[in-house]
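Undergrad:
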Amino acid sequence: MFNKVHHVTYVVESVEEMSAYLDRNFALKPIRRDEFTEQGFKSILYQVGETLVDFFEPLRDDTTMARQLRATGPGVMHVAWGVNDIDKLFQDLKIKGNEMRGDGPHTSPFGYKTVSIEPSSSHRIYFQLAEGEHETD
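Read in order, the letters of the sequence shown correspond to residues 1 to 137 in our numbering.
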């Protein structure tokens with residue numbers, strides 16, 4: 001069912017400082033920089049092989065990522081597993097008794113589709129599943 005690590009999302013205090021660090025130490029250049037004011041975060045996105053790696057900086061204190069940053073400091077927010085036929089998978093997971101976030105797959109700000117399983121259904125582990133590739137500017 002899983003076909004790859006689709007993306008890994010980190011929460012950081014400053015995407016600009018992280019970008020400078022990754023460039024200086026690993027010669028990594030972001031493929032996108034975005035500010036999602038309504039959702040309350042800035043991001044930088046990298047392509048590392050097949051996997052996307054993104055870093056989010058909260059812009060408001062009322063976001064999940066801001067609460068995580070305060071509670072545990074910078075680190076991994078989640079890993080999203082690549083899947084095929086995400087619409088069917090969403091329904092199959094519900095039938096198997098999983099509590100899902102939302103009423104169906106959601107299109108991310110980057111253009112791919114995601115679904116999330118509530119941690120209460122998955123031994124308190126947050127599973128995000130993703131299908132598709134990121135949109136380019």
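Glycine included, each C-beta is placed from N, C-alpha and C at the ideal position.
How many angstroms separate the CA atom of V83 from the CA atom of R32?
TA: 23 Å
Undergrad: Should I86 and E131 be called a contact, given that it needs their Cβ atoms to be closer than 8 Å?
TA: Cβ atoms of I86 and E131: closer than 8 Å.
Undergrad: Run through the DSSP bridge pairs and tell me what I117 is partnered with.
TA: M100, F127
Undergrad: For V48, I'd like the list of residues in its chain whose CB is within less than 8 Å of its CB, leaving aside the five on either flank, ordered along the chain.
TA: Counting only Cβ-Cβ distances below 8 Å, and skipping sequence neighbours, we find L28.
Undergrad: With respect to the beta strand (DSSP E) encompassing Q47, which residues constitute its N-terminal and C-terminal limits?
TA: 41-48
Undergrad: I'd like the span of the alpha helix (DSSP H) that includes A20, first residue to last.
TA: 15-26
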